[in-house]
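Student:
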Amino acid sequence: NAGVTQTPKFQVLKTGQSMTLQCAQDMNHNSMYWYRQDPGMGLRLIYYSASEGTTDKGEVPNGYNVSRLNKREFSLRLESAAPSQTSVYFCASVSGDRVFNYGYTFGSGTRLTVV
Amino acid sequence: RKEVEQDPGPFNVPEGATVAFNCTYSNSASQSFFWYRQDCRKEPKLLMSVYSSGNEDGRFTAQLNRASQYISLLIRDSKLSDSATYLCVVSLVSSGSARQLTFGSGTQLTVLP
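Line by line, the protein sequences are chains A and B. So for the first sequence, the numbering used here puts the first residue at 1; every next one is plus one. So for the second sequence, the numbering used here puts the first residue at 1; every next one is plus one.
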């Protein structure tokens, strides 16, 4: 089925470990995003990529890096995980001219716990 | 002040009730407005876009007041399946020409039998 695929769905890390969250979309969307969701905080933008080859910081980029590998894939890397990065991470994509009618398409999320 | 503010609830209403959610946004340059629905431990999904003139989709009605920077969502004849968290979302076009969505923290609705 067409959509946004995130891996892994669950992950437990020890403080200081690194990992990469993977995201791929098959809808030929130009823009891709990474959000984190914490209780009472809503979704907050970490990084986004307006198009292949470009990335920009969002509201909460510290402690993260991203790579827009190609038009389909946008990965999020935690170089040295901290307990404050315990959260649910969502990847999303959108076609620029369709955001009003169709909104963003989100992946099912990655639940990350850092101990 | 948060960019998008919502009453977190929870709203507990009986089946068949009418319930209204309100949302305010702080950036007057916000261009597009949406309501998303998020079920427990699931991803957000677009419920409806909010047009300047207001719009209706079945039992759902959305209103926008740009002067007051206020958005509302009305749900009539509530169903058990409406139980979810409702997210108010506003959009700006960033310098990278990518639309950025700013999410409210959500209003939790539980419809009771």
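In this text, a Cβ means the ideal position worked out from N, Cα and C, and glycines have one as well.
When you compare the CB of PHE11/B with every CB in chain E, is at least one pair closer than 8 Å?
Tutor: In the structure shown, chain E does not exist; the protein chains are A and B.
Student: So MET27/A contacts chain B; which residues on that side make the cut at Cβ distance below 9 Å?
Tutor: What MET27/A touches in chain B: nothing, since even the nearest Cβ is about 14 Å away.
Student: Determine whether the Cβ of GLY106/B lies closer than 8 Å to any Cβ atom of chain A.
Tutor: yes
Student: Can you pull the chain B residues whose beta carbon is under 7 Å from the beta carbon of LEU45/A, in chain order?
Tutor: GLN100
Student: Going straight from the alpha carbon of SER53/B to that of THR113/A, what length do you get?
Tutor: 44 Å
Student: Taking the straight line between their C-alpha atoms, what separation do you get for PRO14/B and ALA82/A?
Tutor: 43 Å
Student: Give the range of the beta strand (DSSP E) segment to which GLY42/A is assigned.
Tutor: 42-49
Student: Would you decide whether LEU69/A is buried or exposed? Buried here means 16 or more other CB atoms lie within 10 Å of its CB.
Tutor: exposed
Student: Find out if the Cβ-Cβ distance for the pair VAL19/B, LEU101/B is shorter than 8 Å.
Tutor: no
Student: Examine the Cβ distances between the region 36-53 of chain A and the region 18-25 of chain A and report whether three or more of them are shorter than 8 Å.
Tutor: no
Student: For GLN17/A, which three-state DSSP category applies?
Tutor: It is coil, neither helix nor strand.
Student: Does any residue of chain B bring its CB to less than 8 Å from the CB of TYR64/A?
Tutor: no
Student: Distance cutoff 8 Å, beta carbons only. Does PHE106/A sit that close to anything in chain B?
Tutor: yes
Student: Could you give the first and the last residue of the continuous beta strand (DSSP E) run that contains LYS45/B?
Tutor: Under the DSSP assignment, LYS45/B falls in the beta strand (DSSP E) whose first and last residues are 45-50.
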